[in-house]
Amino acid sequence: MTALDETLDPSLRSWVEDANVLGSDFPIQNLPFGVFRHDFEERPRVGIAIGGHVLDCLSATRAGLFDSLSPPVRDALQSWSLNALMALGRDDARAVRRVASRLLRADTADGRTAAGMRDALLVRMDGIGMCVPAEIGDYTDFYASVFHATNVGALFRPDNPLLPNYKWVPIGYHGRASTVVSTGTPVRRPRGQRRPDEQKPPVFGPSVALDYELEVAAWVSGMSAPGETIPIAQANERLFGLSLLNDWSARDIQSWEYQPLGPFLSKSFATTVSPWVVTADALAPFRTPAFARPEGDPAPLPYLHDAADQASGGYDITLEVWLRTAAMRAREAPAVRLSHGNFQSMYWTMAQLLTHHASNGCMMRAGDLLGSGTVSGADAEARGCLLELTRRGAEPVALPEGETRAFLQDGDEVIIRGWCERDGATRIGFGDCRGVVLAAT
Ligand code: MN
191 MTALDETLDP
201 SLRSWVEDAN
211 VLGSDFPIQN
221 LPFGVFRHDF
231 EERPRVGIAI
241 GGHVLDCLSA
251 TRAGLFDSLS
261 PPVRDALQSW
271 SLNALMALGR
281 DDARAVRRVA
291 SRLLRADTAD
301 GRTAAGMRDA
311 LLVRMDGIGM
321 CVPAEIGDYT
331 DFYASVFHAT
341 NVGALFRPDN
351 PLLPNYKWVP
361 IGYHGRASTV
371 VSTGTPVRRP
381 RGQRRPDEQK
391 PPVFGPSVAL
401 DYELEVAAWV
411 SGMSAPGETI
421 PIAQANERLF
431 GLSLLNDWSA
441 RDIQSWEYQP
451 LGPFLSKSFA
461 TTVSPWVVTA
471 DALAPFRTPA
481 FARPEGDPAP
491 LPYLHDAADQ
501 ASGGYDITLE
511 VWLRTAAMRA
521 REAPAVRLSH
531 GNFQSMYWTM
541 AQLLTHHASN
551 GCMMRAGDLL
561 GSGTVSGADA
571 EARGCLLELT
581 RRGAEPVALP
591 EGETRAFLQD
601 GDEVIIRGWC
611 ERDGATRIGF
621 GDCRGVVLAA
631 T
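Take 191 as the starting number for the sequence shown in my numbering and just add one per residue.
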């Protein structure tokens, strides 16, 4: 963390009063970017979250409030997605952040000007729809938690849970960009081929083992040329920011289809992201050392090893999964917490995932999405999916009023939450990543 960055000063207050409420996900020290729309008649706009409101960047730019920024940056703030800003890169995003911070502060001349235009600049969060923040060219999902890999491996290979490549090479698969949806979009239970009885032929029908995966997603910044790699020392500059992600997974379809090429239709039906991109700059106070590899584990190969990344490549992000069933909604009962963990438990850093991804010359483009893989920790309460929590359905989770879950039922709502807090910094959050399961058609 750089003490010189005034945007992170915990003493800053905003004229947007609800941003100053203790525990808000979006205090003035956060300022995440997103894309919203008032209704389907109007085109999407870039916005910056502040408390329970959004700074409308299109209106603010037209009003001249971003005139100190270069024309390409002002164009990016008036576009329909974050791709243009992500293509420009982190330096320009940082410049926007500095101006937005001054505009939203209660104690600056710029802030007093903006506060006087409040109705033109601010929209209430509960009155808008949130879009997927970028047009995602490619989405890749990794498998970066050694605890998740070990827990899942043990269910299928009790004697040999962790495959020999795991500690050497970041494992990933190519996901489906077209079905990434924003928070609140209902998720239809997929139909697919599964084989419940190994003595009989497979059957086709609705999945009976629908699961969620708690993940953190990184948005790629800047454009690579074809064949260009991203050295590990430069990878953090190519990570624009983070969101939360739910990699919905049909375990019965997955276990039948995955050999030998990995997940396919078991995951491509839907992936939910939280719509606010919390920038790398806002996350600076919450960086931590990379995962401490136990004695005996190999060091990362040189192309994945960088002293700065080892020193601060991790993120201290508390992560929780909550569940609210249809029965709980009907009796107006609150959601219940299924798990509680931290993103520091990941074996590979986000920079290592990006560097590895590009190490063969694979072109990385602004708006590409990288999923971390299910975030699970050493503790039982930090298991990031039902497959692990229920041991493949064998030990269902007990819910209030006698309900249980081995896997998700129709009407279940899964809510992922994440936030960062530590002494000397202002708590920031990601906002919800949620979705309700609809019955198969
Ligand atoms: Mn996943």
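Don't be surprised by glycine CBs; every beta carbon is placed ideally from N, CA and C.
Values in this document were obtained by computation on a predicted structure and should not be read as measured data.
In angstroms, rounded to a whole number, what distance separates the CA positions of residue 343 and residue 612?
34 Å
Would DSSP call residue 246 helix, strand or coil?
strand
Starting from the C-beta of residue 625, find all residues in its chain whose C-beta is less than 8 Å away, skip the five residues before and the five after it, and write them out in chain order.
371, 373, 374, 375, 376, 377, 436, 438, 460, 462, 603, 604
Who sits around ligand 1, taking every residue whose Cβ is closer than 5 Å to one of its heavy atoms?
331, 403, 437
Inter-residue spacing [alpha-carbon to alpha-carbon] between residue 300 and residue 281
Using only the alpha carbons, I get a separation of about 22 Å.
What number of angstroms, rounded off, separates the C-alpha of residue 191 from the C-alpha of residue 616?
Because the pLDDT at residue 191 is just 45, under 50, the model does not fix this residue reliably, and the point stays unresolved.
With a cut-off of 8 Å, do at least 3 Cβ pairs link the segment 261-277 to the segment 224-239?
yes
At what residue ranges does the segment 427-495 contain a whole run of the beta strand (DSSP E), taking only runs of 3 or more?
The beta strand (DSSP E) runs of length 3 or more contained entirely in the segment 427-495 are, from start to end of the chain, 429-436, 461-463.
Near residue 523, which residues of its chain fall below 7 Å by C-beta distance, leaving aside the five closest residues on each side in sequence?
The answer, listed in chain order, is 590.
Close-in-space but distant-in-sequence residues of the same chain around residue 290 (CB under 6 Å, 5 per side omitted)
Listed in chain order, the non-local C-beta contacts of residue 290 below 6 Å within the same chain comprise 221, 238, local neighbours out to five positions each way being set aside.
The segment 324-344 / the segment 534-544 touching (three or more Cβ pairs under 8 Å)
yes
Does residue 353 pass the burial test, meaning 16 or more other C-beta atoms within 10 Å, or should it be called exposed?
exposed
For residue 380, I'd like the list of residues in its chain whose CB is within less than 6 Å of its CB, leaving aside the five on either flank, ordered along the chain.
397, 440, 459
Nearest candidate by alpha-carbon position, reference residue 400, set 409, 468, 416, 442
442
Name the residue from 203, 240, 198, 427 whose alpha carbon lies nearest to the alpha carbon of residue 621.
240
So residue 397 is in the beta strand (DSSP E); what residue range does that whole segment cover?
No beta strand (DSSP E) contains residue 397, which DSSP labels as neither H nor E.
Can you tell me whether residue 496 is buried or exposed? The criterion is at least 16 other CB atoms within 10 Å of its CB, across all chains shown.
buried
Looking at residue 283 and ligand 3, is the gap between the Cβ and the nearest heavy atom below 7 Å?
Ligand 3 is absent from the structure shown, which contains only ligand 1.
Check the DSSP bridge columns for residue 530 and list the partner residues they point to.
510
Kindly indicate the opening and closing residues of the beta strand (DSSP E) around residue 291.
Under the DSSP assignment, residue 291 falls outside any beta strand (DSSP E), being part of the alpha helix (DSSP H) whose first and last residues are 280-294.
On the three-state DSSP scale, how would you describe residue 269?
coil
So residue 477 packs on residue 505, CB below 8 Å; how close in whole Å?
6 Å
Could you name each continuous beta strand (DSSP E) segment of 3 residues or more that falls completely within the segment 340-427, going from the start of the chain to the end?
362-364, 370-372, 381-384, 393-396, 404-410
What are the partner residues of residue 330, as DSSP defines its beta bridges?
364, 560
Tell me the DSSP bridge mates of residue 321?
According to DSSP, which records beta bridges pairwise, residue 321 is partnered with nothing at all.
Indicate whether residue 464 and residue 321 have their beta-carbon atoms separated by less than 8 Å.
Not closer than 8 Å, so no.
For the segment 418-425 and the segment 547-554, state whether three or more C-beta atom pairs, one from each stretch, are separated by less than 8 Å.
yes
Using CA coordinates, which residue listed in 294, 251, 229, 263 is at the minimum distance from residue 216?
294
List in chain order: all unbroken beta strand (DSSP E) runs of 3+ residues lying wholly within the segment 565-623.
You should have 603-610.
DSSP state of residue 555 mapped onto helix, strand, coil:
coil
Can you check DSSP and say which residues form a bridge with residue 274?
Its beta-bridge partners do not exist; DSSP assigns none.
Neighbourhood of residue 452 by C-beta, 8 Å cutoff - its chain only, sequence neighbours within 5 removed:
363
Quick one, which of 203, 324, 515 has its alpha-carbon nearest residue 225's?
In terms of CA proximity to residue 225, 324 leads the group 203, 324, 515.
For residue 256, which three-state DSSP category applies?
coil
Tell me the DSSP bridge mates of residue 537?
Residue 537 is not bridged to any residue.
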